[in-house]
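> Please see the structure below; I have some questions.
Here you go:
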């Protein structure tokens, strides 16, 4: 199957699996960290706050399986393992960097939108509850 046959909007298209992987917050953070060069496992764990060892291991394995990350074991005492972007992984750095930069730049606007939405929902819920307590039917 040539690349022109892939259609991400089709439910059985394998490209959806790649998008699912890339939509994962841990995968994006790992790819972003590796943009600056190879990293050891513990350095990634230290830099990516709140990621568990299990999740970091699982995500790195998935990225390695997808050909985005390489794993190198160094015969040192103790053994050290280093992760790096592959050439395929490097093709994503501009996109991942743009996403992380966008998130940092627009977080205040997103938080304001979330707050406005939550307030509107609370207000609508309160109005509906008041109408139901009064025994009146909402206007249709």
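Residue numbers (the numbering used here): 5 to 144. Every residue, glycine too, gets a C-beta built ideally from N, C-alpha and C.
Using only the alpha-carbon positions, how far apart do residue 29 and residue 41 sit?
Their Cα atoms are separated by approximately 20 Å.
> If we require 4 or more residues per run, which alpha helix (DSSP H) segments fall completely within the segment 79-105?
If we require 4 residues or more, the alpha helix (DSSP H) runs fully inside the segment 79-105 come out as 91-94.
> In the DSSP assignment, find the alpha helix (DSSP H) that holds residue 51 and state where it starts and stops.
Its alpha helix (DSSP H) spans residues 45-51.
> So residue 25 packs on residue 53, CB below 8 Å; how close in whole Å?
Incorrect: roughly 21 Å between the Cβ atoms, too far for contact.
> Nearest chain B C-beta to residue 101 closer than 8 Å, yes or no?
Reference to chain B is not applicable here, since this structure consists of a single protein chain.
> Could you give the distance in angstroms between the alpha-carbon of residue 105 and the alpha-carbon of residue 49?
Using only the alpha carbons, I get a separation of about 21 Å.
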